[in-house]
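In terms of my numbering, the sequence shown opens at residue 141 and continues consecutively.
Below: the structure, in structure tokens.
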Amino acid sequence: ENYRDAKLRLFQGLCRRAVINADDPVGVGIRELMPDAVTTYALDGPADYRATDLEVDASGTRFTLHHDGRKYPAAIPSPGRFSVSNALATLAACHLLGHSLAGLVHALERMPQIPGRFERLHTPEGTSVIVDYAHSPDSLNKVLTTVRGFAKGRVITVFGCGGDRDTT
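Here it is as structure tokens:
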């Protein structure tokens, strides 16, 4: 509740325009607080920018983007619902800044792999390795849920702390 209240104060005092996750209860509260200043995105409910028909595999995620009554086939090179949610936030923000939605969708498909963000590596033996700097129980759970959705064998998890931040 303290987190929600702090977030609401941030948006109330500092924002003229906000892009909000409508799948998040806190986001719904922000939308109710500032209905004219909020643009929403979601996977599971109504929103200004919405993704449906998700198809996830090791190479990425394909989905249908819905906005203003139009549908855009879209794909991102990162697997998972959480990756699509992040892509929706980016699409909405960039579109509000005046970029063409069709151009943005096309750019998503060519997005480079970000080191440490569901980074796929392959060993000479054919084993797939996923490197992700998930640093909270929620983010680690999202990565593991995504991997289990397409893994064909055993999933082994090795985790550490700090990512590239620990220099020792």
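Using N, Cα and C, we set each Cβ at its ideal position, and we do this for glycine too.
Please read these numbers as outputs of a predicted model, since none were measured by experiment.
- Taking the CA atoms as reference points, Pro165 sits about 11 angstroms from Glu172.
- Residue pairing by DSSP places Leu261 opposite Val269 in a beta bridge.
- Counting only residues of its own chain and dropping the five nearest sequence neighbours on each side, His206 has a CB closer than 6 angstroms to the CB of Arg190.
- The DSSP assignment places complete beta strand (DSSP E) segments of no fewer than 3 residues inside the stretch 155 to 208 at 158 to 161, 178 to 182, 189 to 197, 200 to 207, in order along the chain.
- In this structure, the straight-line span from the alpha carbon of Val269 to that of Val196 is close to 17 angstroms.
- Boundaries of the beta strand (DSSP E) harbouring Lys211: 210 to 216, taken from the DSSP string.
- According to the DSSP assignment, Phe299 belongs to no alpha helix (DSSP H), since it is labelled neither H nor E.
- Per DSSP, Pro277 is one residue of the alpha helix (DSSP H) stretching across 277 to 290.
- The beta carbon of Val271 sits closer than 7 angstroms to those of Gly256, Glu259, Leu261, all from its chain and outside the five residues before and after it, given in chain order.
- Sequence-distant Cβ neighbours of Ala187 in its own chain, meaning closer than 7 angstroms and more than five residues away, are Ala162, Thr180, Tyr181.
- Looking from the CA of Gly266, the closest CA among Lys292, His275, Arg250, Ala274 belongs to Lys292.
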